[in-house]
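Participant: To convert, take the position in the sequence shown, counting from 1, and add 214; that gives the working numbering.
Where is the CB? At the ideal position from N, CA and C, for every residue including glycine.
Just so we're clear, the structure is a prediction, and the values are computed from it rather than from any experiment.
Before we start, here is the structure in question, set down as structure tokens.
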Amino acid sequence: MHLSALNSVPRRVSAALAVLWLAGGALASAWLIRGAIDQAREAFETDARIAHRLMSQRAVQHEAILAMLQIVRPDSVQDLARQLAAVYPQVLDVRRDTGIAGRPGEASSVPRLRVDWSAGRFWLEMPPLETGTAYALEISLPLMVPWSEWPFGASPEAATADVALVIGSERWIAQARPAQSPLWRFEFRKHLAAPSQPFDLVAARAFLWSDLPWLSLLLAWGMWSALTVMAWLLWRQREAQRQAEALLRLGQVSRLNALGELAAGLAHELNQPLTAVLAGTQASRRLLEDSPPDVEAACEAMQQVVAQARRAADVVARLRRTIDRPGVRERAAVELGSVVREVMQLMAPECRRRGVAVVLPDGDACALADTVAVEQIVHNLASNALHALDETPAPQLVWTLQEVGRRVRLTVRDNGPGLSPEVAERVFEPFVTSRPGGLGLGLSLCETLAQEMNGRLWHERPADGAGAIFVLELPAASPLPEGRP
């Protein structure tokens, strides 16, 4: 069980932020993609309307040319064909037939259409007036497209959309793009504004993955990620502050307890000797004021005053020692594994800052102890180990639990430089420390706390000589089953 198992709350917050990040990024992406699709559709429809207008203008020109021919009736159609081709390159030829009778019931103002789809051309013929001359134009479909003004590319090879002229099931393809897998597809279909040439202009454009606004998407994800990271850092800062306050409260527990014991002890222990001193001095005063003064009795009273003053001094000295050696506390069943996990949870930011890998004990074991005292011991041992691991590559702190008979052992081991033999022999003495700036009182206090709980605390040197081992042994909270080691 590693330290990461303790980070359930940070993991839940991380998971929530991850979901928020994904959801926000997805919404922003959907909005940008939808905007890009709408913009592309609007641009396509604008181009399609321009193409329809251009093709309708060409078709109307053809009707106007035929109407003009019926009125002018030129002598030479060959010369006229050359002149028309110079102005209207789509007009390939002009034919004239004379002596043709109009079809009964046929409107003379509506030309007839005949299309050769495979050749990409069509013939537009104006019926004669009753009996007379009929004119026909041969029109090239490719040249009918005004490429210089064409919105879908200046040539069939430069197509930006699929464009075709359609009548029923027949079609002539003006432009075609290679087959692709589109993300979206836009379509346009509209009849040309010339009754004599009933073509439908059909256009389609594929919206491809490459058309997505990748730069905008990248910027949106980057900005959203930055906001999410800022929220995460803000939460981490507040969480670190909360944990620091909890650690501070934990470190102050022993001092507050000692202060409470000192105040209660002073109030209770000093009350009697001070009362006796007051009574003795008052009695001595009365004896000395008598006539004649009883000096012998006054001396005896003053001796009692001296004795009570010495007793008060002893009380003060003993109460001062309780600051470093708290008295016996009420004991109950304490889950040592839970205590270790709670303390290391508070010290998790410090462990991460120092890069220390923490291995927590598997399972749990109950000891008959005082929870606050055990927390003080665990916190002190962990703090000492972290300071010892400052210069250690790949630092590691390992906690283990073991039940031995009716006792429970909590062991902590680090892979730091360990203790020198001189320090190891006196490590539990007050003011003995190997850390620069340390007071050397922590382990001494921890040993005293362990002894007050009918336990022991000792140091062991690892078999491989690497690091240091400290073992806290406490009585089990209840008898263990028979045969349990």
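If you follow the alpha helix (DSSP H) that Ala581 is part of, which residue opens it and which one closes it?
Facilitator: Note, Ala581: premise wrong, no alpha helix (DSSP H); beta strand (DSSP E) at Cys580 to Ala583.
Participant: Assign Val377 to one of three DSSP states: helix, strand, or coil.
Facilitator: It is a strand residue.
Participant: From the DSSP output, which residues share a beta bridge with Trp613?
Facilitator: According to DSSP, which records beta bridges pairwise, Trp613 is partnered with Val626.
Participant: Quick one: what's His593 bridged to in DSSP?
Facilitator: According to DSSP, which records beta bridges pairwise, His593 is partnered with nothing at all.
Participant: Tell me Ser634's beta-bridge partners as DSSP assigns them.
Facilitator: DSSP lists no partner for Ser634.
Participant: Using the beta-carbon count (16 or more within 10 Å), is Ala408 buried or exposed?
Facilitator: Buried.
Participant: Given Trp438, which residues of its chain have a CB within under 8 Å of its CB, disregarding the five upstream and five downstream residues?
Facilitator: Trp235, Gly238, Gly239 and Ala242.
Participant: Does the separation of the CB atoms of Val570 and Leu600 fall below 8 Å?
Facilitator: It is a contact, given that the beta carbons lie within the stated cut-off.
Participant: In the DSSP output, which residue or residues are listed as bridge partners for Gln184?
Facilitator: Not covered by the structure: residue 184. The range shown for the chain is 215 to 699.
Participant: Starting from Leu655, trace the alpha helix (DSSP H) in both directions and tell me its first and last residue.
Facilitator: Looking at the DSSP string, Leu655 is not in any alpha helix (DSSP H), and its letter there is neither H nor E.
Participant: Can you tell me where the beta strand (DSSP E) with Glu549 in it begins and where it stops?
Facilitator: That run of the beta strand (DSSP E) goes Ala546 to Glu549.
Participant: Count the other CB atoms, across all protein chains shown, that sit within 10 Å of the CB of Gly619; report buried if there are 16 or more and exposed otherwise.
Facilitator: Gly619 is exposed by the Cβ-count criterion.
Participant: Which residue or residues does DSSP assign as beta-bridge partners of Ser354?
Facilitator: Answer by DSSP bridge pairing, in chain order: Arg335.
Participant: Would you kindly report the start and end of the unbroken beta strand (DSSP E) that includes Glu674?
Facilitator: Note, Glu674: beta strand (DSSP E), Arg670 to Glu674.
Participant: Hey, Leu550 and Ala581: beta-carbon distance below 8 Å or not?
Facilitator: Yes, they are a contact pair.
Participant: Is any beta-carbon of chain E found at less than 8 Å from that of Met516?
Facilitator: Annotation note: the requested chain E is absent from the structure, which comprises a single protein chain.
Participant: Do you know how far the Cα of Thr495 is from the Cα of Leu657?
Facilitator: Straight-line Cα distance between these residues: approximately 45 Å.
Participant: For Glu277 versus Pro325, is the C-beta distance shorter than 8 Å?
Facilitator: Taking 8 Å as the Cβ cut-off, Glu277 and Pro325 qualify as a contacting pair.
Participant: On the three-pair Cβ rule with 8 Å, is the region 581 to 590 touching the region 666 to 678?
Facilitator: Result yes; three or more Cβ-Cβ pairs closer than 8 Å.
Participant: Quick one: Cα of Arg332 to Cα of Trp386, how far?
Facilitator: Note that residue 332 is Ser in the sequence shown here, rather than Arg. Rounded to the nearest angstrom, the two C-alpha atoms are 8 Å apart.
Participant: Return the CA-CA distance between Gln275 and Glu363, expressed in angstroms with no decimal places.
Facilitator: Those two C-alpha atoms are separated by around 16 Å.
Participant: Do Pro370 and Ala393 come within 8 Å of each other at the CB atom, strictly closer than that value?
Facilitator: Going by C-beta atoms, Ala393 is not nearer than 8 Å to Pro370.
Participant: Measure the C-alpha to C-alpha separation of Leu447 and Arg391 and round it to an integer number of angstroms.
Facilitator: About 50 Å.
Participant: Could you check what DSSP says for Ala682 in three-state terms: helix, strand or coil?
Facilitator: Ala682 falls in the strand class under three-state DSSP.
Participant: Measuring CA to CA, which of Ala547, Leu655, Asn629 and Glu636 is closest to Ile591?
Facilitator: Selected option, being the one with the closest Cα: Leu655.
Participant: By Cβ distance below 6 Å, which residues in the same chain neighbour Arg675 in space, the five residues on each side in sequence not counted?
Facilitator: Result list for Arg675: empty, nothing under 6 Å.
Participant: Between which two residues does the alpha helix (DSSP H) containing Leu294 stretch?
Facilitator: Counting along the chain, the alpha helix (DSSP H) containing Leu294 begins and ends at Val291 to Val301.
Participant: Should Cys202 go down as buried or exposed, given a rule of 16 or more other Cβ atoms within 10 Å for buried?
Facilitator: Nothing in the structure corresponds to residue 202, since the chain is present only between 215 and 699.
Participant: Nearest to Val380 by CA position, among Leu397, Lys404 and Gly367, is which residue?
Facilitator: The residue with the shortest Cα to Cα distance from Val380 is Lys404.
Participant: Expressed to the nearest angstrom, what Euclidean distance is found between the alpha-carbon atoms of Leu415 and Pro365?
Facilitator: Rounded to the nearest angstrom, the two C-alpha atoms are 14 Å apart.
Participant: When DSSP builds the beta bridges, which residues end up paired with Leu462?
Facilitator: Note: Leu462 sits in no beta bridge, so no partner.
Participant: So the alpha helix (DSSP H) Arg568 belongs to, where does it begin and stop?
Facilitator: It spans Ala562 to Arg568 - the alpha helix (DSSP H) in which Arg568 sits, taken as one unbroken run.
Participant: Assuming Met561 and Leu671 form a contact by the criterion Cβ under 8 Å, report the distance between their Cβ atoms to the nearest whole angstrom.
Facilitator: About 19 Å; that fails the 8 Å criterion.
Participant: Assess contact between the region 673 to 691 and the region 620 to 628, defined as three or more Cβ pairs (one per stretch) separated by less than 8 Å. Is contact present?
Facilitator: The region 673 to 691, when compared against the region 620 to 628, does touch it at the 8 Å Cβ threshold.
Participant: Could you give the distance in angstroms between the alpha-carbon of His482 and the alpha-carbon of Leu488?
Facilitator: Its pLDDT being 46, under 50, His482 is placed unreliably in this model, and the value from its coordinates should be taken loosely. Straight-line Cα distance between these residues: approximately 11 Å.
Participant: Do the CB positions of Met340 and Arg272 come within less than 8 Å of each other?
Facilitator: No, these two residues do not count as a Cβ contact at 8 Å.
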